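Q: Residue numbers (the numbering used here): 13 to 128.
Structure in structure tokens, see below.
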């Protein structure tokens with residue numbers, strides 16, 4: 013709903029792996045954080061021994077995942093990381109809460125508007 017709209021919009025299929033344990037494993041569903049019916053990102057992907065706090069890598073998601081990313085329910089957009097030959101390079105940083113609030117305009121007395 014926020015990170016990747018492609019699976020919900022037109023059924024795009026992605027692969028994934030636990031970054032530190034690539035290959036094989038049990039079928040798992042990877043879902044987003046919004047608990048919406050359209051928030052399933054990948055169904056039946058094989059992950060080896062998935063555990064809490066694992067980093068799950070989804071390779072080659074492409075520009076069509078980044079451009080429609082949004083702040084649905086106040087979620088921050090994730091970073092974009094390029095990986096090659098065992099090296100990782102962040103090219104777009106993760107959004108901060110300050111980024112989310114930057115465009116908000118204050119209301120009430122603090123903004124020079126009298127309540128009433």
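Don't be surprised by glycine CBs; every beta carbon is placed ideally from N, CA and C.
As the structure is a prediction and not an experimental result, all values here were calculated from the model.
Classify residue 59: buried if its beta carbon has 16 or more other beta carbons within 10 angstroms, exposed otherwise.
A: buried
Q: In whole angstroms, what is the alpha-carbon distance linking residue 32 and residue 66?
A: 8 Å
Q: Just verifying my parser: in three-state terms, what is the DSSP assignment at residue 18?
A: Reduced to three states, the DSSP call for residue 18 is helix.
Q: Note down, in chain order, each residue of its chain lying with its Cβ closer than 7 Å to the Cβ of residue 78, except the 5 sequence neighbours on either side.
A: 92
Q: Is the segment 107-119 close to the segment 44-62, with three or more CB pairs under 8 Å?
A: no
Q: Just how far apart, CA to CA, sit residue 43 and residue 115?
A: Distance between the alpha carbons of residue 43 and residue 115 is about 29 Å.
Q: Output the residue ranges of the alpha helix (DSSP H) runs that lie fully inside the segment 24-84 and measure 4 residues or longer, sorted by chain position.
A: 75-78
Q: Identify every residue that forms a DSSP beta bridge with residue 93.
A: 102
Q: DSSP three-state call for residue 118: helix, strand or coil?
A: coil
Q: When you compare each of 103, 88, 100, 97 to residue 111 by their alpha carbons, which one comes out closest?
A: The option with the nearest alpha carbon to residue 111 is 88.
Q: Can you give me the C-alpha to C-alpha distance between residue 34 and residue 83, rounded to a whole angstrom?
A: 30 Å
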